[in-house]
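Numbering follows the UniProt record's numbering, with no gaps: position 116 of the sequence shown is 116.
For reference, the structure is listed below as structure tokens.
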Amino acid sequence: MLKIHDRIYGDFAVPDGVLTELMQSKPLNRLRRINQAGPSAYLFDWKTVSRFEHSVGVMLLLRKYGTLVAEQIAGLLHDVPHTAFSHVADFVFTNEHHEFHELYHETVIAQSEIPVILKKHGVPQTVIHPEGYNLLERPIPDLCADRIDYALRDSFLVYKDFNRLHLKLTGLTVRNGEFMFTSVEAAQAFADDYLEMDRESWANPREVAIYELLAQAIRHGLDKKLVTLDDLFQDDAHVMSVLKKSDDAYIQKKLKFLNPAFRIEPATKAHHHLFVKTKIRFVDPKIIEQNRVVRLTAVSPHYEKAVADYIQQSSQGWYINVHQS
């Protein structure tokens, strides 16, 4: 029996078996050394969530709501193909939808010990595909385990509000194979915090800029054969070590931006260092209200306007100048 204390969901006991063996495997343990926030962890010391913590969290959330072990396995493995520094590869290879790691999902798993573990426990390898599970992955603006978990973790680390976390968790339920909320209050709290996290963190131009600057260093390293694709499938510390050990002036210049004093300022299309634009994230949770299911935007005109305004503002992107301090 493996006992797990999770800072969001509390204490769990997972029986020895396929889940515990997968958690102890090399591919999962590699995720311990990949920060979910990528290079923005250099800007904020509170960004301490690893891809491993998130992956286990997704599995625990699915377990909490009684899904089959197959879906829990898919949740545990959904981030296994992530490269070092998380979504930085989407900037290196220009994937605006942040899906680069998904292109390697099956390949990375197939080349690891995971198929052997699954076979040992009589689990078909087809369980690894996250798109086959309704609670694990759903398109925006729906709720899903992946989206719920990273939002709860990041917003809790920012606000440290146990009462608000409790409101969200106790208001969450599953109906018709979907995550929903049982109250407008809980749905509003989750959706407001999600939108604020995207505005101030995930899609904030300062954070997008730091991703782009590190991506420029890595892209240059790949072009000069100083960095390999295999390096990217190691971990954060490995890639940073490779970059720092290079004598390349361009790479060293870019790495100097990775510090808490890094700042940006608005610029113009005619005169700018970077143009940054990224995936826009928001949710429109379904709510069970008087035995009917409605979207939050249908009962909250204020939130509907907030989402529309945010999409309009963010979809244009930003011209910025960057400074090391």
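All C-beta atoms, glycine included, are put in the ideal place defined by N, C-alpha and C.
As the structure is a computational prediction, the values presented were derived from the model and not from experiment.
Does the separation of the CB atoms of residue i and residue j fall below 8 Å?
{"i": "Met197", "j": "Ala151", "result": "yes"}
{"i": "Ser315", "j": "Ile280", "result": "yes"}
{"i": "Ser40", "j": "Ile251", "result": "no"}
{"i": "Gln324", "j": "Phe275", "result": "no"}
{"i": "His238", "j": "Asp231", "result": "yes"}
{"i": "Val92", "j": "Arg219", "result": "yes"}
{"i": "Thr297", "j": "Glu304", "result": "yes"}
{"i": "Asp161", "j": "Arg33", "result": "no"}
{"i": "Leu18", "j": "Val69", "result": "The question names Leu, but residue 18 is Val in the sequence shown. Yes, the Cβ-Cβ distance between Val18 and Val69 is below 8 Å."}
{"i": "Arg138", "j": "Ile8", "result": "no"}
{"i": "Lys168", "j": "Phe190", "result": "yes"}
{"i": "Leu213", "j": "Val322", "result": "yes"}
{"i": "Tyr310", "j": "Arg199", "result": "yes"}
Taking just the CA atoms, how far does residue j sit from residue i?
{"i": "His78", "j": "Ser55", "result": "7 Å"}
{"i": "His97", "j": "His87", "result": "Low confidence applies here, because His97 scores a pLDDT of 49, under 50, leaving its location unreliable and the question unanswered by this model."}
{"i": "Gly171", "j": "Asp6", "result": "19 Å"}
{"i": "Ala217", "j": "Gly317", "result": "22 Å"}
{"i": "Thr20", "j": "His302", "result": "44 Å"}
{"i": "Arg175", "j": "Arg63", "result": "15 Å"}
{"i": "Glu53", "j": "Ala74", "result": "15 Å"}
{"i": "His157", "j": "Ser201", "result": "First, the amino acid is wrong: residue 157 is Leu here, not His. Their Cα atoms are separated by approximately 12 Å."}
{"i": "Asn291", "j": "Pro285", "result": "16 Å"}
{"i": "Ala203", "j": "Ala261", "result": "19 Å"}
{"i": "Val293", "j": "Ser300", "result": "14 Å"}
{"i": "Val307", "j": "Pro15", "result": "42 Å"}
{"i": "Glu113", "j": "Pro124", "result": "14 Å"}
{"i": "Leu61", "j": "Cys144", "result": "10 Å"}
{"i": "Leu135", "j": "Ala270", "result": "46 Å"}
{"i": "Thr182", "j": "Leu226", "result": "53 Å"}
{"i": "Val49", "j": "Met23", "result": "16 Å"}
{"i": "Lys120", "j": "Ala215", "result": "39 Å"}
{"i": "Leu76", "j": "Met59", "result": "5 Å"}
{"i": "Trp46", "j": "Arg295", "result": "32 Å"}
{"i": "residue 330", "j": "Gly10", "result": "Here the chain comprises residues numbered 1 to 325, so residue 330 is not present and cannot be evaluated."}
{"i": "Ala186", "j": "Tyr319", "result": "36 Å"}
{"i": "Glu178", "j": "Asp146", "result": "13 Å"}
{"i": "Glu106", "j": "Phe233", "result": "14 Å"}
{"i": "Val208", "j": "Thr278", "result": "7 Å"}
Just verifying my parser: in three-state terms, what is the DSSP assignment at residue i?
{"i": "Glu178", "result": "strand"}
{"i": "Phe91", "result": "helix"}
{"i": "Gly17", "result": "coil"}
{"i": "Thr83", "result": "coil"}
{"i": "Phe162", "result": "helix"}
{"i": "Phe44", "result": "coil"}
{"i": "residue 326", "result": "Since the first residue shown for the chain is 1 and the last is 325, residue 326 is missing from the structure and cannot be characterised."}
{"i": "Leu2", "result": "strand"}
{"i": "Phe52", "result": "helix"}
{"i": "Asn35", "result": "strand"}
{"i": "Phe12", "result": "strand"}
{"i": "Asp247", "result": "coil"}
{"i": "Asn134", "result": "coil"}
{"i": "Tyr303", "result": "helix"}
{"i": "Gly75", "result": "helix"}
{"i": "Thr268", "result": "coil"}
{"i": "Pro27", "result": "helix"}
{"i": "Ser112", "result": "coil"}
{"i": "His121", "result": "coil"}
{"i": "Tyr150", "result": "helix"}
{"i": "Tyr310", "result": "helix"}
{"i": "Gly57", "result": "helix"}
{"i": "His97", "result": "Only weak support exists for where His97 lies, its pLDDT of 49 falling under 50; the coordinates are left without a value."}
{"i": "Ile140", "result": "coil"}
{"i": "His129", "result": "coil"}
{"i": "Thr107", "result": "helix"}
{"i": "Leu258", "result": "coil"}
Under the DSSP definition of a beta bridge, which residues are partnered with residue i?
{"i": "Arg263", "result": "His323"}
{"i": "Arg7", "result": "In DSSP, Arg7 forms no bridge with anything."}
{"i": "Ile287", "result": "Phe181 and Val294"}
{"i": "Thr173", "result": "Met180"}
{"i": "Trp318", "result": "Val276"}
{"i": "Leu229", "result": "Answer is none; Leu229 lacks a bridge partner."}
At the 8 Å Cβ level, is residue i part of the contact set with chain C, yes or no?
{"i": "Ile288", "result": "No chain C is present in this structure, which holds just one protein chain."}
What runs of the alpha helix (DSSP H), each 4 residues or longer, lie entirely inside the region 180-219?
Those alpha helix (DSSP H) runs which fall completely within the region 180-219 and span 4+ residues are 184-197.
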